[in-house]
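Below is one structure; the comments refer to it alone.
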Amino acid sequence: MDAQARQQQVRKAEAFKALHERPGIFVIPNPWDAGSAKMLASLGYQALATTSAGYAFSQGKPDGGLSLDDTLANVRAIVAATDLPVAVDLENGFADAPAESAQSLIRAAEAGAVGGSIEDATGREDLPIYCFEHAVARIEAAVAAVRTLPFPFMLTARAENYLHGNPDINDTIRRLQAFAEAGADVLYAPGLRTAEEVLAVVRAVAPKPVNVLMSGGLKLTVQQLEEMGVKRISTGSALALAAFGEFFRAAEEIQQSGTFTFTSRSMPYAKANHFFKG
Numbered sequence: 001m002d003a004q005a006r007q008q009q010v011r012k013a014e015a016f017k018a019l020h021e022r023p024g025i026f027v028i029p030n031p032w033d034a035g036s037a038k039m040l041a042s043l044g045y046q047a048l049a050t051t052s053a054g055y056a057f058s059q060g061k062p063d064g065g066l067s068l069d070d071t072l073a074n075v076r077a078i079v080a081a082t083d084l085p086v087a088v089d090l091e092n093g094f095a096d097a098p099a100e101s102a103q104s105l106i107r108a109a110e111a112g113a114v115g116g117s118i119e120d121a122t123g124r125e126d127l128p129i130y131c132f133e134h135a136v137a138r139i140e141a142a143v144a145a146v147r148t149l150p151f152p153f154m155l156t157a158r159a160e161n162y163l164h165g166n167p168d169i170n171d172t173i174r175r176l177q178a179f180a181e182a183g184a185d186v187l188y189a190p191g192l193r194t195a196e197e198v199l200a201v202v203r204a205v206a207p208k209p210v211n212v213l214m215s216g217g218l219k220l221t222v223q224q225l226e227e228m229g230v231k232r233i234s235t236g237s238a239l240a241l242a243a244f245g246e247f248f249r250a251a252e253e254i255q256q257s258g259t260f261t262f263t264s265r266s267m268p269y270a271k272a273n274h275f276f277k278g
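The sequence shown lines up with residues 1 to 278 when you count with full-length UniProt numbering.
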């Protein structure tokens, strides 16, 4: 990374940190590639975050099927596509050991990211969540690693119980509180199901900022989440699934009905092409 790129990264990092410190809420949508990143930037969003599932699907692989190198290649493409701060979904850091997982954050920063998340999910079906002590040690190592960077890298610590068959709000809060004590900048429990659970998490880790995933069952508005004290809203794979869903429905219509009514809903060619000029 040359001197100009480093300066741009510092500027993006400071802007991203400021989003978390100012009053009010913000939405950080999740593009899955450079094209979707450009479209989101055109709408006025102030930051972006990658989606491991969305990118994996676009590469013909299941969620969890990508390598760290694959993920970082996507980060570099999205960073290059817009001037917005980019945070990266690093899953479990692609390693069990705290030091190795933490090193993935350094590599993400080298790829241009100014934030990133580490989760306490193992990626294994037999033991889906790391034990409490190991999960905390991983966040401690992550915090130590990102604090060596020459800019404020916003570290998000994720408690994954709800995505892996263990909707235990008490254990989830215990983990998030420990991650906050370890120095994580943002706390995140994807898969929360009710407003009451969201509010419980926000209150438990205050004044640390909380990210809430709006994808699937949770039906709340930006305004409602702001009133609860949520700082950041992400969309996970929801936007990618919306795009893939429409693509599949269109192809299915051709195959099953021999009609092309989907073209009346399609984005005009000129509008799509406009996003990618320059």
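Virtual Cβ for every residue (Gly too), placed ideally from N, Cα, C.
As the structure is a computational prediction, the values presented were derived from the model and not from experiment.
Please say whether residue j and residue i have beta carbons closer to each other than 7 Å?
{"i": "Thr-50", "j": "Asp-89", "result": "yes"}
{"i": "Phe-262", "j": "Glu-252", "result": "no"}
{"i": "Ala-240", "j": "Gly-116", "result": "no"}
{"i": "Phe-275", "j": "Lys-38", "result": "yes"}
{"i": "Arg-193", "j": "Gly-217", "result": "yes"}
{"i": "Pro-29", "j": "Leu-19", "result": "no"}
{"i": "Val-230", "j": "Val-212", "result": "yes"}
{"i": "Ala-178", "j": "Val-136", "result": "yes"}
{"i": "Ala-195", "j": "Ser-215", "result": "no"}
{"i": "Glu-140", "j": "Ala-182", "result": "yes"}
{"i": "Ala-13", "j": "Val-79", "result": "no"}
{"i": "Val-201", "j": "Met-228", "result": "no"}
Measure from the alpha carbon of residue i to the alpha carbon of each residue in the options, then state which is nearest.
{"i": "Ala-204", "options": "Met-39, Pro-268 and Arg-174", "result": "Arg-174"}
{"i": "Pro-31", "options": "Val-201, Pro-85 and Glu-100", "result": "Pro-85"}
{"i": "Phe-57", "options": "Arg-124, Ala-251, Ala-41 and Gly-236", "result": "Gly-236"}
{"i": "Ser-234", "options": "Ser-101, Val-222 and Met-228", "result": "Val-222"}
{"i": "Arg-138", "options": "Ala-102, Glu-110 and Asn-170", "result": "Ala-102"}
{"i": "Ser-264", "options": "Asp-171, Glu-246, Gln-255 and Lys-277", "result": "Glu-246"}
{"i": "Val-10", "options": "Leu-220, Gly-112 and Asn-166", "result": "Gly-112"}
{"i": "Thr-148", "options": "Ala-80, Leu-105 and Asn-166", "result": "Leu-105"}
{"i": "Glu-110", "options": "His-134, Phe-153 and Thr-82", "result": "Phe-153"}
{"i": "Ala-189", "options": "Ala-182, Thr-156 and Leu-220", "result": "Thr-156"}
{"i": "Lys-277", "options": "Gly-24, Gly-35 and Ala-99", "result": "Gly-35"}
{"i": "Lys-208", "options": "Ser-42, Ala-87, Arg-22 and Met-1", "result": "Arg-22"}
{"i": "Ser-42", "options": "Glu-133, Asp-83 and Ala-77", "result": "Asp-83"}
{"i": "Pro-167", "options": "Phe-260, Val-146, Gly-191 and Glu-100", "result": "Gly-191"}
{"i": "Gly-24", "options": "Ser-257, Met-267, Arg-232 and Ala-243", "result": "Arg-232"}
{"i": "Gln-46", "options": "Ala-81, Gln-59, Phe-26 and Ala-99", "result": "Phe-26"}
Taking only three categories from DSSP, how would you classify residue i?
{"i": "Thr-122", "result": "coil"}
{"i": "Ile-173", "result": "helix"}
{"i": "Asp-89", "result": "strand"}
{"i": "Leu-68", "result": "helix"}
{"i": "Ala-178", "result": "helix"}
{"i": "Ala-49", "result": "strand"}
{"i": "Gly-116", "result": "strand"}
Comparing the CB of residue i with every heavy atom of the ligand ATP, is any distance shorter than 6 Å?
{"i": "Gly-258", "result": "With respect to small molecules bound, the structure shown includes none, and the ligand ATP cannot be examined in it."}
At least three beta-carbon pairs within less than 8 Å, the stretch 151-170 to the stretch 121-137: Taking one beta carbon from each stretch, the stretch 151-170 and the stretch 121-137 have 3 or more pairs nearer than 8 Å; the two touch.
Any 3 or more C-beta pairs closer than 8 Å across the stretch 256-276 and the stretch 61-69: The stretch 256-276, when compared against the stretch 61-69, does not touch it at the 8 Å Cβ threshold.
Any beta strand (DSSP E) of 3 or more consecutive residues that is wholly inside the stretch 225-253: For the stretch 225-253, whole beta strand (DSSP E) runs of length 3 or above, ordered along the chain, are 232-234.
Cβ contact check for the stretch 66-84 and the stretch 94-108: 3 or more pairs under 8 Å: Short answer: they touch.
Those runs of the beta strand (DSSP E) which lie wholly inside the stretch 6-46 and span at least 3 residues: Positions of the beta strand (DSSP E) runs, each at least 3 residues long and wholly inside the stretch 6-46, are given as 26-28 in order along the chain.
Complete alpha helix (DSSP H) runs within the stretch 144-217 (minimum length 4 residues, chain order): 169-182 and 195-205, all fully within the stretch 144-217.
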